[in-house]
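**Student:** Chains as they are written, first to last, in the working numbering: chain A, 17 to 236; chain B, 642 to 1031; chain C, 935 to 1151.
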């Protein structure tokens, strides 16, 4: 689970939920700008047409008639990153491809989200021992939703998309815990790694990713 | 309707590159199509030098999906590499599994029981149906029909994937073949469902063809586009429907006669012109032949074990030596070359990918055509990047 | 199709200066191959392609193999008579010699015209370090184009007279040849709680060091 679970009718000002429900039954919809904004954004996510590997085929299958991502408002896969607001990294990110992925991420305008679909995009997956395999795209760009699987079924991708929608609906626009894209001091572009003689330079971006903390060893 | 009947259609003439260049005294523009591009079928990059819209030079750039499969296989047991072969050509995992099992069985001198051989043929031909309908769907995406034929193709693909999932547990990464046979024996209900699906498939192909094959926009955009000369194709090592569209009769199912293919009665369609339209027709005609093979296989499927009882699963160490096993995958010749040093891991594990070698003549096929044509030509070659870069 | 021995004999008869060696394949597959010397490989390949009985016009697969240097122990047993008159003693003598390694390129050839094959030919470099050049067979079979580039990229074999020899799978600035047996990949692993196999070994290197045991009072 990621992100706060939003309440169905968040109380706005001094109006209680019961009063809101009463008004709604009479055909008067009372809402807040934040809620309206989140509802609109989450139900019209435009993913970037960006499939890397095998998971991309399941992503395409999620867009076909049987699993139908169009029900969730997300069937417009944009070819250009300038017009997209969701990047589904589906498949193994190789070190040769990693600078391109970061560049595409930088070209997407805010607010933007990233789903790491499949084991390879999360951590390198079955190909983790590879010399050319980037061990997880979250080493360079911030990831919002992780969908495990190899490949995850289209329904799993839809589940991930629904969780992203919940996260977007719950995003606040003002206040101390406002969403990332409302704060100008948060970076929306990340440095693009270069091709080095033996590895990418840098191999990871410490501002985005820190290795998971190992548990303290038992006292001898 | 055979391919030779269509020879009365004439191809559209176009200006040569030289005429355009002299008339307008333009500059050449170098663009990079990919690695993120809606029509490059994965992370493939083409660096095209253009004179206006016409391609003067085209260099493919590989490696954006190089996942070091061969290096990982040197540190993995023979059987441990079987799930990785699923991920090479991720649309055709059953065929790739069989190619690897074929190579290892050749290396170890392992026999396969009759029922398993028939099951392998059934799975391989179902995979061919999946792959060719995907290809036709993606080809029309490249032509600009934007998704409708793909939805029809994926509708049939989903039916076959349901079969694969109920049999092997996974839609795409089936991991079904073993050295000495198959992993799971299909139930009678599965076989009945599969037979019904195969019996209904010609109706889907007829519907597809009625909408697409005689379509005048499709004819105008694919006939005469990307002509491939047969002598060049042979020298460049092209295989599969790409080669046969140019008229070269080489189908490994007939040449090597691996598995039990000599028992089945089927024809090998051949093209006459070697252009994109012939390559499209190859896939349609091969799908019809696959249906014939499947009908025969379901009828003749014998009872019996699906794994050779003498097959060694634990402690599998083939004797030192080497073997090259190949088969006719849906994209071309898919081969595995293995060198064993007597240990549990292969000393050298090499995949001979059909898509990689089929791209050798991409530049020649695209020269003089426009960018839009290059997209269609690339689509008709049928590549999958997992296999190209391994 | 002729046997490999017959092909070898015809090659040697046609090109007396060439060294053609039959390498037997000990496994059940029995796919024996011919090792050609680098100086005559191009002419031998043209012969294999154009000969009317063989017509090997299709080169299916080009593979690189790395054979590292190894120490080979030769054991010789000599029988030494016992000066006391008893049975002779067997004395073992072990000599260790250094067998230099090489890089090998294996070509699988088939015939589309006559529908037979495979004929397998091998070329070996002189060593793994500085003499790694081999003639390119791309002028003979165009299908070797990309596959020889891959062998150059991943093994470091330099193919002379290749039309476009540059890296194909790794980026151009990459310096190593990753498929060699002595390649060590960069350490960009991290600690992970559920690693196994080869990844576990690399992840252990990032585990915190165990605390020093407390001194007993």
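A virtual CB, placed ideally from N, CA and C, is assigned to each residue, including glycine.
Going by Cα to Cα distance, which pick from B:701, B:942, B:1020 and B:950 is closest to residue 1098 of chain C?
**Tutor:** As a working note, residue 1098 of chain C is residue 164 in the third chain. Of B:701, B:942, B:1020 and B:950, the residue nearest in Cα terms is B:701.
**Student:** Hey, is residue 162 of chain A's beta-carbon within less than 7 Å of any beta-carbon in chain C?
**Tutor:** Translated into the one-based positions of the first chain, residue 162 of chain A becomes position 146. No, because no Cβ of chain C sits closer than 7 Å to the Cβ of residue 162 of chain A.
**Student:** Quick one: what's residue 1050 of chain C bridged to in DSSP?
**Tutor:** Counting from one through the third chain, the residue named residue 1050 of chain C turns up at place 116. BP columns for residue 1050 of chain C point to C:1045.
**Student:** Closer than 7 Å, Cβ to Cβ, to anything on chain C: give me those residues from the region 148-174 of chain A, in chain order.
**Tutor:** The region 148-174 of chain A vs chain C, Cβ under 7 Å: 148 and 151.
**Student:** Identify which residue in C:1094, C:1107, C:1046 and C:1056 has its Cα closest to the Cα of residue 988 of chain C.
**Tutor:** Reading the third chain from its first residue, position 54 is the one you call residue 988 of chain C. Of C:1094, C:1107, C:1046 and C:1056, the residue nearest in Cα terms is C:1046.
**Student:** Please report the distance separating the alpha-carbon of residue 744 of chain B from that of residue 730 of chain B.
**Tutor:** On the second chain, residue 744 of chain B is found 103 positions in, with the first residue counted as 1. On the second chain, residue 730 of chain B is found 89 positions in, with the first residue counted as 1. If you take the alpha carbons of residue 744 of chain B and residue 730 of chain B, they lie about 17 Å apart.
**Student:** Find the residues of chain B that neighbour residue 1103 of chain C, judging by a C-beta separation of less than 7 Å, and give them in chain order.
**Tutor:** If you number the third chain from 1, residue 1103 of chain C lands on position 169. Neighbours of residue 1103 of chain C on chain B, chain order: 703, 704, 707 and 1030.
**Student:** Going by other Cβ atoms of all chains shown within 10 Å of its Cβ, with 16 needed for buried, is residue 1014 of chain C buried or exposed?
**Tutor:** As a position in the third chain, residue 1014 of chain C is number 80, starting the count at 1. Exposed is the call here.
**Student:** Kindly indicate if chain C contains any beta-carbon less than 7 Å away from that of residue 961 of chain B.
**Tutor:** Residue mapping note: residue 961 of chain B aligns to position 320 of the second chain, counting from 1. It does: the Cβ of residue 961 of chain B has a partner Cβ on chain C nearer than 7 Å.
**Student:** Under DSSP, the beta strand (DSSP E) around residue 759 of chain B begins and ends at which residues?
**Tutor:** One-based indexing of the second chain puts residue 759 of chain B at position 118. Looking at the DSSP string, residue 759 of chain B is not in any beta strand (DSSP E); the run it does join, the alpha helix (DSSP H), is 755-781.
**Student:** Decide yes or no for the touch test of the region 780-798 of chain B against the region 702-718 of chain B: beta carbon pairs closer than 8 Å, at least 3 of them.
**Tutor:** In short, these stretches do not touch, since the Cβ pair count stays below three.
**Student:** Rounded to whole angstroms, how far is the Cβ of residue 131 of chain A from the Cβ of residue 105 of chain A, which I believe are closer than 8 Å?
**Tutor:** For the purposes of this step, residue 131 of chain A is taken as residue 115 along the first chain, with counting starting at 1. For the purposes of this step, residue 105 of chain A is taken as residue 89 along the first chain, with counting starting at 1. With a Cβ gap of about 7 Å, residue 131 of chain A and residue 105 of chain A count as contacting.
**Student:** Taking all protein chains shown into account, decide if residue 1112 of chain C is buried (16 or more other Cβ within 10 angstroms of its Cβ) or exposed.
**Tutor:** In the third chain, residue 1112 of chain C corresponds to position 178, counting from 1. When all chains shown are included, residue 1112 of chain C counts as buried.
**Student:** Could you give the first and the last residue of the continuous alpha helix (DSSP H) run that contains residue 795 of chain B?
**Tutor:** Here residue 795 of chain B refers to the residue found at position 154 when the second chain is read from its first residue. First-last of the alpha helix (DSSP H) with residue 795 of chain B: 789-809.
**Student:** Can you give the Cα-Cα distance for residue 642 of chain B and residue 767 of chain B, rounded to whole angstroms?
**Tutor:** Position 1 of the second chain, counting from 1, holds the residue named residue 642 of chain B. Position 126 of the second chain, counting from 1, holds the residue named residue 767 of chain B. In this prediction, residue 642 of chain B has a pLDDT of 33, which is less than 50 and means its spatial position is unreliable; nothing more can be read from the coordinates.
**Student:** Near residue 659 of chain B, which residues of its chain fall below 7 Å by C-beta distance, leaving aside the five closest residues on each side in sequence?
**Tutor:** Along the second chain, read from residue 1 onward, the residue named residue 659 of chain B stands at position 18. Reliability fails at residue 659 of chain B, whose pLDDT of 49 lies under 50, so the model's placement of it is uncertain and the value that follows must be treated cautiously. Around residue 659 of chain B: no qualifying Cβ.
**Student:** Leaving out five residues before and five after residue 655 of chain B in sequence, what residues of the same chain have Cβ atoms less than 7 Å from its Cβ?
**Tutor:** On the second chain, residue 655 of chain B is found 14 positions in, with the first residue counted as 1. No answer about residue 655 of chain B holds up, because its pLDDT of 43 lies below 50 and its placement is not dependable.
**Student:** Could you check the C-alpha separation between residue 1115 of chain C and residue 117 of chain A for me, to the nearest Å?
**Tutor:** Stepping through the third chain from its first residue, residue 1115 of chain C is reached at position 181. Stepping through the first chain from its first residue, residue 117 of chain A is reached at position 101. The alpha-carbon atoms of residue 1115 of chain C and residue 117 of chain A are separated by roughly 31 Å.
**Student:** Identify the continuous beta strand (DSSP E) that holds residue 701 of chain B and give its terminal residues.
**Tutor:** Within the second chain, the letter at position 60 stands for residue 701 of chain B. Residues 695-702.
**Student:** In chain order, what residues of the region 972-988 of chain B put their CB closer than 7 Å to some CB of chain C?
**Tutor:** Cβ contacts with chain C: 974, 976, 978, 980 and 981.
**Student:** Taking a Cβ distance cut-off of 8 Å, strictly less, list which residues of the region 101-133 of chain A are near chain B, in chain order.
**Tutor:** Per Cβ criterion, the list reads 107, 108, 110, 112, 113, 116 and 120.
**Student:** Put residue 1104 of chain C into one of helix, strand or coil per three-state DSSP.
**Tutor:** Residue mapping note: residue 1104 of chain C aligns to position 170 of the third chain, counting from 1. Three-state result, residue 1104 of chain C: coil.
**Student:** Residue 211 of chain A bridges to which residues according to DSSP?
**Tutor:** To locate residue 211 of chain A, count along the first chain from 1; it is residue 195. DSSP lists A:216 as partners of residue 211 of chain A.
**Student:** Quick one: which chain A residues come within Cβ less than 7 Å of residue 795 of chain B?
**Tutor:** Locating residue 795 of chain B in the second chain gives position 154, counting from the first residue. The answer, in chain order, is 77 and 80.
**Student:** Is the region 1025-1043 of chain C close to the region 988-1004 of chain C, with three or more CB pairs under 8 Å?
**Tutor:** Yes: at least three Cβ pairs fall under 8 Å.
**Student:** Taking only beta-carbon atoms, is residue 65 of chain A less than 7 Å away from chain B?
**Tutor:** The residue given as residue 65 of chain A occupies position 49 in the first chain. By this cut-off, residue 65 of chain A is an interface position.
**Student:** Helix, strand or coil: how does DSSP classify residue 104 of chain A here?
**Tutor:** Position 88 of the first chain, counted from the start, is the residue given in the question as residue 104 of chain A. Note: residue 104 of chain A maps to strand in three-state DSSP.
**Student:** Hey, quick one: how far does the alpha helix (DSSP H) through residue 76 of chain A stretch, first residue to last?
**Tutor:** Along the first chain, one-based indexing puts residue 76 of chain A at 60. Start and end: 70-79.
**Student:** Using the C-alpha atoms, what's the distance from residue 979 of chain C back to residue 79 of chain A?
**Tutor:** As a first step, residue 79 of chain A is located in the first chain; it is residue number 63 there, counting from the start. As a first step, residue 979 of chain C is located in the third chain; it is residue number 45 there, counting from the start. One C-alpha to the other measures close to 50 Å.
**Student:** Where does residue 61 of chain A land, buried or exposed, given buried means 16+ other C-beta within 10 angstroms?
**Tutor:** As a working note, residue 61 of chain A is residue 45 in the first chain. Answer is buried; the Cβ neighbour count reaches 16.
**Student:** With a threshold of 16 other CB atoms inside 10 Å of the CB of residue 59 of chain A, please say whether the residue is buried or exposed.
**Tutor:** What you label residue 59 of chain A is simply residue 43 of the first chain in a count that begins at 1. Classification of residue 59 of chain A: exposed, given that the 10 Å Cβ count is below 16.
**Student:** For the region 958-983 of chain B, list the beta strand (DSSP E) runs that are entirely contained and at least 3 residues long, ordered along the chain.
**Tutor:** You should have 962-970 and 973-981.
**Student:** In whole angstroms, what separates the C-alpha of residue 896 of chain B from that of residue 1049 of chain C?
**Tutor:** In the second chain, counting from the first residue as 1, residue 896 of chain B sits at position 255. In the third chain, counting from the first residue as 1, residue 1049 of chain C sits at position 115. Distance between the alpha carbons of residue 896 of chain B and residue 1049 of chain C is about 6 Å.
**Student:** If you follow the beta strand (DSSP E) that residue 996 of chain B is part of, which residue opens it and which one closes it?
**Tutor:** Walking along the second chain from the start, residue 996 of chain B turns up at place 355. Segment 995-999 is the alpha helix (DSSP H) holding residue 996 of chain B; no beta strand (DSSP E) there.
**Student:** I'd like to know whether the C-beta of residue 1138 of chain C is nearer than 7 Å to at least one C-beta of chain A.
**Tutor:** In the third chain, residue 1138 of chain C corresponds to position 204, counting from 1. Closer than 7 Å: no.
**Student:** Is the Cβ-Cβ distance between residue 90 of chain A and residue 124 of chain A less than 7 Å?
**Tutor:** Along the first chain, one-based indexing puts residue 90 of chain A at 74. Along the first chain, one-based indexing puts residue 124 of chain A at 108. For residue 90 of chain A and residue 124 of chain A, no; Cβs fall outside 7 Å.
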